[in-house]
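All remarks here apply to the structure that follows.
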Amino acid sequence: MKNLYFYLFCFLSLFIYLSCKKDAVPTNPGWTYDPTPYTVEYPDNFPIMVFDEDNPMTVEGVELGRMLYYDTLLHPNGDMACASCHDQSLSFASFPTVLPHVNLGWNTTFLWNGKVSGNIEDIMLFEVDDFFKTDLTKFNNHETYPKLFYEAFETEEITSVHASRALAQFLRTVISSDSRYDKIITSGSGVFPTEEELNGYDIFFTERGDCFHCHGGILFSDNLFHNNGLDAEPSANGLSEITGDPLDLGKYKTPTLRNIALTAPYMHDGRFQTLEEVVDFYSDGVQPSATIDPLMKQAHNGGINLTEEEKDDLVAFLKTLTDTTFTNNPAFSNPF
Amino acid sequence: MKKHTFLKISIFAFILFSVLSCKKDEDNGPGSITIQLDHTVKGDPVEIENIKYTCQAGHTFSVVNLKYYLSEIELHAKDGSSISVVDVHLRDIHDLSTEQYTVEDIPDGDYNSISFIFGLDETTNVDGGLENTIENINMEWPIPGDQGYHYMKFEGRYDSLGTGVIRNFNIHTGATMGNQNYFEVSMPFSEAAVRSNSWTINVSMDLNEWLQNPNTYDFDGMEMIMMNQAAQELLKANGASVFSIASVRKN
Numbered sequence: 001m002k003n004l005y006f007y008l009f010c011f012l013s014l015f016i017y018l019s020c021k022k023d024a025v026p027t028n029p030g031w032t033y034d035p036t037p038y039t040v041e042y043p044d045n046f047p048i049m050v051f052d053e054d055n056p057m058t059v060e061g062v063e064l065g066r067m068l069y070y071d072t073l074l075h076p077n078g079d080m081a082c083a084s085c086h087d088q089s090l091s092f093a094s095f096p097t098v099l100p101h102v103n104l105g106w107n108t109t110f111l112w113n114g115k116v117s118g119n120i121e122d123i124m125l126f127e128v129d130d131f132f133k134t135d136l137t138k139f140n141n142h143e144t145y146p147k148l149f150y151e152a153f154e155t156e157e158i159t160s161v162h163a164s165r166a167l168a169q170f171l172r173t174v175i176s177s178d179s180r181y182d183k184i185i186t187s188g189s190g191v192f193p194t195e196e197e198l199n200g201y202d203i204f205f206t207e208r209g210d211c212f213h214c215h216g217g218i219l220f221s222d223n224l225f226h227n228n229g230l231d232a233e234p235s236a237n238g239l240s241e242i243t244g245d246p247l248d249l250g251k252y253k254t255p256t257l258r259n260i261a262l263t264a265p266y267m268h269d270g271r272f273q274t275l276e277e278v279v280d281f282y283s284d285g286v287q288p289s290a291t292i293d294p295l296m297k298q299a300h301n302g303g304i305n306l307t308e309e310e311k312d313d314l315v316a317f318l319k320t321l322t323d324t325t326f327t328n329n330p331a332f333s334n335p336f
Numbered sequence: 337m338k339k340h341t342f343l344k345i346s347i348f349a350f351i352l353f354s355v356l357s358c359k360k361d362e363d364n365g366p367g368s369i370t371i372q373l374d375h376t377v378k379g380d381p382v383e384i385e386n387i388k389y390t391c392q393a394g395h396t397f398s399v400v401n402l403k404y405y406l407s408e409i410e411l412h413a414k415d416g417s418s419i420s421v422v423d424v425h426l427r428d429i430h431d432l433s434t435e436q437y438t439v440e441d442i443p444d445g446d447y448n449s450i451s452f453i454f455g456l457d458e459t460t461n462v463d464g465g466l467e468n469t470i471e472n473i474n475m476e477w478p479i480p481g482d483q484g485y486h487y488m489k490f491e492g493r494y495d496s497l498g499t500g501v502i503r504n505f506n507i508h509t510g511a512t513m514g515n516q517n518y519f520e521v522s523m524p525f526s527e528a529a530v531r532s533n534s535w536t537i538n539v540s541m542d543l544n545e546w547l548q549n550p551n552t553y554d555f556d557g558m559e560m561i562m563m564n565q566a567a568q569e570l571l572k573a574n575g576a577s578v579f580s581i582a583s584v585r586k587n
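Following this line, the structure appears as structure tokens:
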């Protein structure tokens, strides 16, 4: 019996020792873990941002994420960074099919076909592990990164989880809320729409154009998947590729229309070069099919049949969604 | 040795106490009522995406999406007392987590009716009237001059009078051009005698009833109804018969 107590005592002591060990000083003197909490600021008319409990936002985490975003070290061959394809001046898009990075902190579904769903931490882990296949030993052996990771995450071993959490923190701050449109709808801003823009607004937000049912709300996306009638034979590389469900043929994630004038060409395959071509499509080029979204209310008429003037008005409205405060924001730019 | 006896007694007492306190929760705690929201077409459970139902106007149709708000849900007891169940509930036929709503701490009593508002009343149905969640923002009713949220989005496809031409329909209801189109529903049911136990009340919406009784709703020509008060009026009248109590049961 006595022996039993002795072992129990030893075991408990060891346990307590091990659990305390975490708090011990780092092996490298001069490293400290004392992060400054970071508050993400956004206007009241935006949705409530949901954060990841396991990834509290800190100044150190956001800054580290920004470095990783621009650093080619993240790529195993070292020939590209995230920013190589996601260019700030183009709303973090670039060549055909690249999705922009704008207000991703509110996204719940990612990539055109919805391959990843969840929060921004989930898509970042996918980008690091599956897309880039980042070699973390390069970071662990690096001159400066180990200290920066320690300061942000209190870790002495950098893993892809840490890298993705830092990237997620940075991208949660990449918010567009200062477009011409945002100013127009803010009373007292002194910014008023032109008559064209106002007519375009009416087309967009009434059933005349009925764009708002999918591209609605302040984010200009519903975060859902739709077949908007691009093809009579809907393609199979959209949501159906992930779900295997033929009812999902031709469905893609609704892209945000924020900064849409900067992200040509358009659609998942980049088939339209200009916003005029996109509007022509919604006006007269809509192709009914078995999975076309019910919200394409005028599909049986080939679309919403706009006049030339209405088309110009709608394009003028779409251009009010450009946010140059965002594309020029020094906090999002290359830190190196 | 004495010490061990004390230890044993303590452990025994602790276990006994734990068991007793668990037991208490089951038998003597306050009751709960779960409201379950189900959907049928002509009495049968909805089969999504199947163009197989025939409406009074003569079209065969399918159900693709369905979302709606119920608000101010209350339960009423025989003795005249009422309890509030939930202020606003958004039901989405594709989201199982919205199927049931459970209220804990229901006082003992003989509950025999439920009432709610279909949609949102004028105090809630204003821009920003609901919490800014993605789900609520997706229900916004942004028509210039109007305010608030869709009460319902009931969307599907139909075969126009059997011609084989498939079209879309969208029954989007809400307040428009100064008209509040919400309505109150009150339904009696066979008694739920809550005695510190849990009950489920199954409320059912029959989608076909939106399309008939008293008015025939014809999808043709109704592509755009958000600013069409006559259509909203017609649907509101049909709405009186869409809800029923499918069952009341002790869990």
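Protein chains in written order, with the working numbering: chain B, 1 to 336; chain Y, 337 to 587.
Where a beta carbon is used, it is the ideal one built from N, C-alpha and C, also for glycine.
Nearest chain Y C-beta to Ala-316 (chain B) closer than 9 angstroms, yes or no?
Taking the first sequence and counting its residues from 1, one reaches residue 316 (chain B) at position 316. Chain Y contact via Cβ: absent.
Using a Cβ cut-off of 9 angstroms (strictly closer), state whether Asn-305 (chain B) contacts chain Y.
As a position in the first sequence, residue 305 (chain B) is number 305, starting the count at 1. It does not; no Cβ of chain Y falls within 9 angstroms.
Please report the distance separating the alpha-carbon of Pro-265 (chain B) from that of Leu-373 (chain Y).
Residue numbering aside, residue 265 (chain B) sits at position 265 when the first sequence is read from its first letter. Residue numbering aside, residue 373 (chain Y) sits at position 37 when the second sequence is read from its first letter. Looking at the two C-alpha atoms, the distance is approximately 44 angstroms.
Could you please tell me which residues of the stretch 549-561 of chain Y, in chain order, have their CB closer than 7 angstroms to any CB of chain B?
Glu-559, Met-560
Near Ile-396 (chain B), which residues of its chain fall below 7 angstroms by C-beta distance, leaving aside the five closest residues on each side in sequence?
In the structure as shown, chain B starts at 1 and stops at 336, and residue 396 (chain B) therefore has no counterpart that could be examined.
Roughly how many whole angstroms lie between the Cα atoms of Phe-149 (chain B) and Thr-58 (chain B)?
Reading the first sequence from its first residue, position 149 is the one you call residue 149 (chain B). Reading the first sequence from its first residue, position 58 is the one you call residue 58 (chain B). Rounded to whole angstroms, Phe-149 (chain B) to Thr-58 (chain B) spans 12 angstroms at the Cα level.
Run through chain B and tell me which residues come within less than 8 angstroms of Pro-480 (chain Y), C-beta to C-beta.
Reading the second sequence from its first residue, position 144 is the one you call residue 480 (chain Y). Residues of chain B passing the Cβ test: Tyr-201, Asp-202, Phe-205, Thr-206.
Which residue from B:Asn-55, B:Met-296, B:Gly-244 puts its Cα closest to that of Gly-105 (chain B)?
Taking the first residue of the first sequence as position 1, residue 105 (chain B) is located at position 105. Residue B:Asn-55 is the option with its Cα nearest to Gly-105 (chain B).
Does any residue of chain B have a CB that is nearer than 9 angstroms to the CB of Met-563 (chain Y)?
As a working note, residue 563 (chain Y) is residue 227 in the second sequence. With 9 angstroms as the cut-off, Met-563 (chain Y) counts as an interface residue toward chain B.
Who are the neighbours of Phe-505 (chain Y) on chain B, taking C-beta pairs under 9 angstroms?
As a working mapping, residue 505 (chain Y) is identified with position 169 in the second sequence. Residues of chain B passing the Cβ test: Pro-294, Lys-297.
Do you know offhand how far Ile-479 (chain Y)'s Cα is from Asn-515 (chain Y)'s?
As a working note, residue 479 (chain Y) is residue 143 in the second sequence. As a working note, residue 515 (chain Y) is residue 179 in the second sequence. The alpha-carbon atoms of Ile-479 (chain Y) and Asn-515 (chain Y) are separated by roughly 13 angstroms.
Same chain, Cβ closer than 7 angstroms to His-340 (chain B), five either side skipped, listed in chain order
As shown, chain B starts at 1 and ends at 336. That puts residue 340 (chain B) outside it, with no answer to give.
For the stretch 444-471 of chain Y, which residues have a beta carbon sitting closer than 8 angstroms to at least one beta carbon of chain B?
Gly-464, Glu-467, Asn-468, Thr-469, Ile-470
Would the beta-carbon of Asp-293 (chain B) fall within 9 angstroms of that of Gly-229 (chain B)?
By 1-based counting over the first sequence, the position of residue 293 (chain B) is 293. By 1-based counting over the first sequence, the position of residue 229 (chain B) is 229. With contacts defined by Cβ atoms closer than 9 angstroms, Asp-293 (chain B) and Gly-229 (chain B) form a contacting pair.
Nearest to Asp-554 (chain Y) by CA position, among Y:Lys-586, Y:Ser-522, Y:Ile-507, Y:Ala-576, is which residue?
Walking along the second sequence from the start, residue 554 (chain Y) turns up at place 218. Of Y:Lys-586, Y:Ser-522, Y:Ile-507, Y:Ala-576, the residue nearest in Cα terms is Y:Ile-507.
Asn-461 (chain Y) to Ile-453 (chain Y) span [Cα, whole Å]
Sequence index remark: in the second sequence, residue 461 (chain Y) carries index 125 (1-based). Sequence index remark: in the second sequence, residue 453 (chain Y) carries index 117 (1-based). Near 12 angstroms, if we compare the C-alpha coordinates of Ile-453 (chain Y) and Asn-461 (chain Y).
Given 8 angstroms as the limit, is there contact between the stretch 442-452 of chain Y and the stretch 405-423 of chain Y, that is, 3 or more CB pairs closer than that?
Below 8 angstroms, enough C-beta pairs join the stretch 442-452 of chain Y and the stretch 405-423 of chain Y to call them touching: three or more.
Whole-angstrom C-beta distance between Ile-581 (chain Y) and Val-539 (chain Y), which should lie under 8 angstroms:
Against the second sequence, residue 539 (chain Y) aligns to sequence position 203. Against the second sequence, residue 581 (chain Y) aligns to sequence position 245. The beta carbons of Val-539 (chain Y) and Ile-581 (chain Y) sit about 6 angstroms from each other, so the pair counts as a contact at 8 angstroms.
Closest Cβ-Cβ distance between Asp-222 (chain B) and chain Y: below 9 angstroms?
Mapped onto the first sequence, residue 222 (chain B) falls at position 222. Closer than 9 angstroms to some Cβ of chain Y, the Cβ of Asp-222 (chain B) qualifies, so yes.
Rounding to the nearest angstrom, what Cα-Cα distance links Asp-363 (chain Y) and Ile-371 (chain Y) in this structure?
On the second sequence, position 27 is the one that residue 363 (chain Y) refers to. On the second sequence, position 35 is the one that residue 371 (chain Y) refers to. Residue placement at Asp-363 (chain Y) is poorly supported in this model, since its pLDDT is 49, which falls under 50; the coordinates still yield a value, given next. Straight-line Cα distance between these residues: approximately 21 angstroms.
Closest to Phe-505 (chain Y) by C-alpha separation, out of B:Ala-299, B:Pro-335, B:Leu-167, would be which residue?
Counting from one through the second sequence, the residue named residue 505 (chain Y) turns up at place 169. Per the Cα distances, B:Ala-299.
For Ile-442 (chain Y), which residues of its own chain have a beta-carbon under 7 angstroms away from its beta-carbon, when the five flanking residues on both sides are left out?
Here residue 442 (chain Y) refers to the residue found at position 106 when the second sequence is read from its first residue. Cβ within range, chain order: Pro-366, Gly-367, Ser-368, Ile-369, Ile-419, Val-530.
Beta carbon proximity, Asn-544 (chain Y) to chain B, threshold 9 angstroms
What you label residue 544 (chain Y) is simply residue 208 of the second sequence in a count that begins at 1. Asn-544 (chain Y) does not count as touching chain B.
Beta bridge counterpart(s) of Thr-396 (chain Y) as assigned by DSSP
What you label residue 396 (chain Y) is simply residue 60 of the second sequence in a count that begins at 1. According to DSSP, Thr-396 (chain Y) bridges with Y:Thr-390, Y:Asp-495.
Under 8 angstroms, with one C-beta from each stretch per pair, do the stretch 394-404 of chain Y and the stretch 488-500 of chain Y reach the 3-pair mark?
yes
Candidates B:Gln-88, B:His-226, B:Tyr-70, of which the one nearest Thr-325 (chain B) by Cα
Working through the first sequence from its first residue, we reach residue 325 (chain B) at position 325. Out of B:Gln-88, B:His-226, B:Tyr-70, B:Gln-88 has the C-alpha closest to the C-alpha of Thr-325 (chain B).
What ranges does the alpha helix (DSSP H) occupy inside the stretch 560-585 of chain Y, keeping only unbroken runs of at least 4 residues that lie completely in it?
Correct list: 565-575.
DSSP state of Asn-506 (chain Y), grouped into three classes?
Locating residue 506 (chain Y) in the second sequence gives position 170, where the first residue counts as 1. Reduced to three states, the DSSP call for Asn-506 (chain Y) is strand.
Evaluate contact between the stretch 93-105 of chain B and the stretch 259-273 of chain B, counting only Cβ atoms and requiring at least three cross-stretch pairs below 8 angstroms.
yes
By the 10 Å Cβ neighbour count, where 16 or more other Cβ atoms means buried, how is Met-488 (chain Y) classified, buried or exposed?
Along the second sequence, one-based indexing puts residue 488 (chain Y) at 152. Buried, since its Cβ has 16 or more Cβ neighbours within 10 Å.
Cβ atoms of Asn-472 (chain Y) and Tyr-485 (chain Y): under 9 angstroms apart, would you say?
For the purposes of this step, residue 485 (chain Y) is taken as the residue at position 149 of the second sequence. For the purposes of this step, residue 472 (chain Y) is taken as the residue at position 136 of the second sequence. Yes. Within cutoff.
Quick check on DSSP: helix, strand or coil for Val-59 (chain B)?
By 1-based counting over the first sequence, the position of residue 59 (chain B) is 59. Val-59 (chain B): helix per DSSP, three-state reduction.
Residues of chain B with a CB under 8 angstroms from the CB of Arg-604 (chain Y): which are they?
This structure leaves residue 604 (chain Y) out entirely; chain Y is present only between 337 and 587.
Residues near Lys-360 (chain Y) by beta carbon distance below 6 angstroms, same chain, minus five either side:
If you number the second sequence from 1, residue 360 (chain Y) lands on position 24. Reliability fails at Lys-360 (chain Y), whose pLDDT of 41 lies under 50, so the model's placement of it is uncertain and no value is given.
Length of the line joining the Cα atoms of Glu-53 (chain B) and Asn-329 (chain B)
Position 53 of the first sequence, counting from 1, holds the residue named residue 53 (chain B). Position 329 of the first sequence, counting from 1, holds the residue named residue 329 (chain B). Cα to Cα, the separation comes out at about 27 angstroms.
Under a three-way DSSP split, which group does Met-80 (chain B) fall into?
Within the first sequence, numbered from 1, the residue matching residue 80 (chain B) stands at position 80. Reduced to three states, the DSSP call for Met-80 (chain B) is coil.
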